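Using the numbering used here, the letters of the sequence shown map in sequence onto residues 50 to 490. Where a beta carbon is used, it is the ideal one built from N, C-alpha and C, also for glycine. Since the structure is predicted, the reported quantities are computational estimates derived from the model, not experimental observations. Here is the structure we will look at.
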Amino acid sequence: MTAAVRVPNDLEPFWMPFTANRQFKSRPRLLVGAKGMNYTSHDGRQILDGTAGLWCCNAGHGHPKIVGAIQAQAAEMDYAPAFQMGHPKAFELAARIAALFPGDLNRVFYTNSGSESVDTALKIALAYQRTIGQGTRTRLIGRERGYHGVNFGGISVGGIPSNRKFFGTGLGGVDHLRHTHLPEKNAFSRGEPRYGAELADDLERLVALHDASTIAAVIVEPVAGSTGVLVPPQGYLKRLRAICDRHGIVMIMDEVITGFGRLGTAFAVEKFDVLPDIVTLAKGVTSGTVPMGAVVARQHIYDAFMTGPDHAIELFHGYTYSGHPLACAAALATLDVYQGEGLFQNASALSPYWEDAAHSLKGLPHVVDIRNLGLVAAIELEPIAGQPAKRAFEVFLRAYDIGLLLRTTGDIIALSPPLCLTKTHIDQIFGTLADLLKAAA
Ligand code: PXG
């Protein structure tokens with residue numbers, strides 16, 4: 050294989066998502082293969098995957114069991130109508146997903162992405178309130194710096210300015226909690242930071258302002274990922290749960306990133322011992338192999354809809370590809386791999402080593418904060434004056450050149466490797482990063 054035959058001639062027609070298109074097209078970074086912990090670049094180099102693709106390939110790449118399951122399913126049945134029809138694997142998978150959750154989080158609604166999961170969860174929460182006679186509860190509460198995908202519901206409750214400001218006013222009747230980032234008190238915290246649980250009381254402020262009778266739901270990421278890894282202060286999520294209980298507010302936890310072992314437990318609900326009413330999933334459910342998302346609801350949410358005549362549709366929502374056979378086959382095989390190979394346990398066992406390795410970067414040039422939990426870490430750099438995001442982006446480019454894939458958001462470097470990594474990979478990731486930071490301008 051020569052590099053030349055793999056590079057398309059014309060890079061222009063593809064308008065790339067969340068990408069500096071002109072920069073990319075002037076200096077393309079094309080991936081052409083993936084196996085285990087590594088990508089292969091178009092020029093034939095091995096690139097260590099420090100980010101599990103985009104936080105999704107938790108089982109590593111090209112796992113033969115997952116590949117085989119997708120191939121077999123494509124040959125057996127390509128597609129089955131998702132409405133008023135079913136296929137066995139969709140039911141089997143729902144039971145397998147439900148079994149991973151504590152309590153009565155046991156009803157699974159399929160989507161195709163995290164963004165769709167979020168909008169589905171918001172719609173279910175609104176419809177639920179109406180169904181139980183609380184139809185005045187139409188307000189949705191998100192949080193500053195939150196990322197809930199890119200659809201209109203998600204950007205409305207989301208709190209990342211660039212993802213919102215270009216796209217009009219979004220949904221009406223949305224408000225936001227303050228974010229939980231307190232660098233002056235919590236910088237260089239290991240794991241959950243000590244200060245800030247009281248920021249959950251911001252929900253009481255919004256209840257006082259709007260009245261609980263107008264609020265349907267609150268949505269938060271347990272660990273905010275895209276914004277640059279904000280780990281919740283100790284006790285914050287439990288406090289938020291208590292306030293939701295007090296005021297009849299549906300609590301949605303967006304586990305698109307934290308789900309499927311990222312924090313060393315199956316889900317963040319287990320890690321933080323908090324039972325939300327609804328959970329959103331995607332990414333790791335198929336280890337990124339086939340697009341899929343899901344919303345998991347507690348029994349009382351589902352039951353509220355199961356009234357009316359038997360022949361009536363209970364929820365007017367769904368996607369052509371909800372529970373797609375290829376996605377279900379991929380997800381079932383992925384769960385087998387997670388369980389059979391103990392990948393969540395591996396994530397948990399390696400977390401202390403990961404934490405030490407991440408924090409060993411403290412003191413290197415421009416490093417102003419380091420945050421971590423499970424197999425997630427962020428290294429925040431001081432921006433170059435007048436050129437925000439440039440320093441981290443240059444580290445990203447140099448890392449790619451020497452064989453390491455990172456993610457950056459603003460001047461924050463985020464790491465979230467496949468869960469099948471070893472200590473050697475951790476040494477390689479942070480060793481490379483240390484060298485780059487020492488050399489960074
Ligand atoms: N919720 C959360 C918490 C997410 O992190 C979504 C919803 C949307 O998922 P989809 O499948 O529609 O993209 C996400 C996605 C990054 C990065 O580098 C993060 C995401 C996607 C791409 C890149 O931080 N998160």
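Check this for me: beta carbons of threonine 185 and histidine 228, under 9 Å apart or not? Cβ distance not < 9 Å, so threonine 185 and histidine 228 don't count as in contact.
Cβ of tyrosine 449 within 9 Å of Cβ of glutamate 165? no
For alanine 317, which of Gly357, Gly423, Ala291 has the nearest alpha-carbon? Gly423
So, using beta-carbon positions, are valine 206 and leucine 220 closer together than 9 Å? yes
Tell me which same chain residues have a C-beta within less than 7 Å of the C-beta of aspartate 168, skipping the five on either side of it? Cβ neighbours of aspartate 168 beyond the five flanking positions: Asn200, Gly202, Gly203.
Taking only the alpha-carbon atoms, compute the straight-line gap between isoleucine 462 and glutamate 443 and give it to the nearest angstrom. 11 Å
Taking the alpha-carbon positions, what's the asparagine 87 to alanine 266 distance? 40 Å
Test item: CB-CB of alanine 246 and leucine 312 under 9 Å: no
Per DSSP, what are the beta-bridge partners of serine 522 in this structure? Beyond the ends of the chain as shown, which are 50 and 490, falls residue 522; an answer cannot be given.
Please say whether isoleucine 264 and methionine 300 have beta carbons closer to each other than 9 Å? no
Answer with buried or exposed for isoleucine 504, where buried requires no fewer than 16 other C-beta atoms within 10 angstroms of its C-beta. In this structure the chain extends from 50 to 490, so residue 504 is not present and cannot be described.
Counting only beta-carbon separations shorter than 9 Å, does lysine 320 have a partner in chain B? In the displayed structure, chain B is absent; only one protein chain is listed.
So glycine 435 is in the beta strand (DSSP E); what residue range does that whole segment cover? Counting along the chain, glycine 435 falls outside any beta strand (DSSP E), and DSSP gives it neither H nor E.
Pair within 9 Å by beta-carbon distance, tyrosine 196 and serine 371: no
Do you know offhand how far alanine 291's Cα is from proline 271's? 15 Å
So does histidine 259 have its beta carbon nearer than 8 Å to some heavy atom of the ligand PXG? no
Assuming histidine 225 is part of the beta strand (DSSP E), what are its boundary residues? The continuous beta strand (DSSP E) containing histidine 225 extends over residues 223-226.
Quick check for students: name the residue ranges of the alpha helix (DSSP H) that lie wholly in the segment 369-401, counting only runs of 4 or more. Taking only runs of at least 4 residues, the alpha helix (DSSP H) segments lying wholly in the segment 369-401 are 374-389.
Can isoleucine 209 be considered in contact with the ligand PXG, in the sense that its beta carbon sits closer than 8 Å to one or more heavy atoms? no
Just confirm the distance between the C-beta atoms of glycine 163 and glycine 297, as a whole number of angstroms; I'd bet it's less than 8 Å. Not quite, the Cβ-Cβ distance comes to about 27 Å (not below 8 Å), so this is no contact.
With 16 other CB atoms within 10 Å as the buried threshold, where does lysine 84 fall? exposed
Indicate whether the contact test is met: 3 or more Cβ pairs, each with one atom in the segment 344-359 and one in the segment 92-112, closer than 8 Å. no
Any idea what DSSP makes of alanine 483, helix, strand or coil? Correct three-state label for alanine 483: helix.
Check whether the Cβ of isoleucine 462 lies closer than 8 Å to any heavy atom of the ligand PXG, and answer yes or no. no
Kindly indicate the opening and closing residues of the alpha helix (DSSP H) around alanine 101. 101-104
For lysine 491, which residues of its own chain have a beta-carbon under 7 Å away from its beta-carbon, when the five flanking residues on both sides are left out? The structure shown has nothing for residue 491, since the chain only spans 50 to 490.
Indicate whether the contact test is met: 3 or more Cβ pairs, each with one atom in the segment 66-84 and one in the segment 383-401, closer than 8 Å. no
Could you check whether glycine 117 and alanine 483 sit closer than 9 Å to each other, using their CB atoms as the reference points? no
Strand pairing of arginine 156, partner residues [DSSP]: Ala346
Could you compute how far the alpha carbon of glutamate 363 sits from the alpha carbon of glutamate 429? 47 Å
From Ala261, Arg456, His366, pick the residue whose C-alpha is nearest to that of alanine 441; which is it? Arg456
Hey, quick one: how far does the alpha helix (DSSP H) through valine 167 stretch, first residue to last? That run of the alpha helix (DSSP H) goes 163-180.
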